[in-house]
Amino acid sequence: MAVAIFVIILIGLCVRWIDRPFSTWSATHLHAYREWFDALTHIVDPFLPLSALAILAAIAARLAGRNLVGPWRSILIAGMALAVAVMMKDQGKYLFGRLWPETWVENNPSWIGTGSYGFFPLHGGRGWASFPSGHMTVITAPATTLSCSFPRLRPLLILACAAVAVGLLGADYHFLSDVIAGTGLGVLCGWVVLSHTFAAPTASICPDTPPADADRRDHAN
């Protein structure tokens, strides 16, 4: 709970004092490198199709009268977390109706383009969908579950999440608070799915989740 309160306060501070000056600085000083920052944001591209494949594999396994175990079960859980996260971030974008930092679609009003800034709850439309960041939600939800199932991959997963965040901010695709909110939402979705899959919710970000290798050995014995 304390972490959630801290994140909410941090988002509020960014919305009020940091988002606009940082977006202006990024658009002014980093525009020439946007191609490189944009490349970092595409790290998330494989996650959705891989999630769909994991769920299809689980369906096929059940139809064959088998269960996914070991690393395959962990990958399925990551796919489930991603599916939940996508649903939640889509509803969040509609609920908050935040304008983008720059004009991307259909001449949308934006901070850099028209000097427009703010939240317009329940407005709808692609031009009012900056908050929370979908990219960060999409990568942090499965990264949360996978980092618990495969602890050795945790540094790599954290690095991937950080790289996407740098790409989004460097390209001025999102405000800083969007990135923080998307990260928080993704981690929350991953934690909830893990909690209800393995054990009762606890204060730990990894609620008694057996490593995938250990789970595989248990089923082999």
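In terms of the numbering used here, the sequence shown is residues 1293 to 1513. Glycine included, each C-beta is placed from N, C-alpha and C at the ideal position.
Distance between residue j and residue i (C-alpha atoms, nearest Å)
| i | j | result |
| --- | --- | --- |
| G1416 | A1356 | 43 Å |
| A1297 | G1304 | For the sequence presented, residue 1297 should be read as Ile rather than Ala. So the two alpha carbons sit approximately 11 Å from each other. |
| I1347 | P1434 | 13 Å |
| P1401 | L1360 | 47 Å |
| I1300 | T1333 | 24 Å |
| R1509 | P1363 | Confidence is the limiting factor: at R1509 the pLDDT is only 48, short of 50, which leaves the residue's position unreliable, though a coordinate-based value still follows. Taking the straight line joining both Cα atoms gives about 11 Å. |
| L1449 | I1367 | 14 Å |
| G1410 | D1464 | 16 Å |
| A1349 | A1373 | 16 Å |
| L1387 | S1469 | 16 Å |
| G1419 | D1382 | 13 Å |
| L1345 | V1307 | 37 Å |
| F1339 | T1406 | 34 Å |
| A1452 | I1335 | 7 Å |
| L1322 | I1404 | 14 Å |
| Y1325 | L1461 | 12 Å |
| F1412 | R1354 | 44 Å |
| I1337 | W1328 | Looking at the sequence itself, residue 1337 is Asp, so the reference to Ile does not match. Going from the Cα of D1337 to the Cα of W1328 covers about 16 Å. |
| E1394 | T1320 | 12 Å |
| A1492 | V1456 | Since pLDDT at A1492 reaches only 43, below the 50 mark, its modelled position is unreliable, and no value is offered. |
| L1522 | T1489 | What the structure shows of the chain is the stretch from 1293 to 1513, and residue 1522 is not part of that stretch, so it cannot be assessed. |
| C1310 | I1351 | Correcting the residue type first, residue 1310 is Ile in the shown sequence and not Cys. Approximately 46 Å, taken between the alpha carbons. |
| W1396 | R1312 | 17 Å |
| W1392 | E1398 | 12 Å |
| R1358 | P1341 | 23 Å |
| P1447 | V1376 | 24 Å |
| A1294 | V1479 | 15 Å |
| L1269 | R1390 | The chain is shown only over 1293 to 1513; residue 1269 falls outside these bounds and no answer can be derived. |
| G1371 | R1365 | 10 Å |
| S1408 | S1487 | 40 Å |
| P1443 | V1430 | 20 Å |
| G1426 | W1317 | 22 Å |
Which residues DSSP lists as bridging residue i, in chain order
| i | result |
| --- | --- |
| R1390 | F1411 |
| S1402 | W1392 |
Residue j beta carbon less than 8 Å from that of residue i
| i | j | result |
| --- | --- | --- |
| T1437 | T1475 | no |
| A1331 | K1385 | no |
| F1467 | S1315 | yes |
| V1458 | I1369 | no |
| M1428 | V1378 | no |
| A1473 | F1423 | yes |
| L1445 | M1380 | no |
| C1481 | C1440 | no |
Which residue spans inside the segment 1302-1378 form an unbroken alpha helix (DSSP H) run of at least 4? 1311-1321, 1326-1333 and 1339-1355
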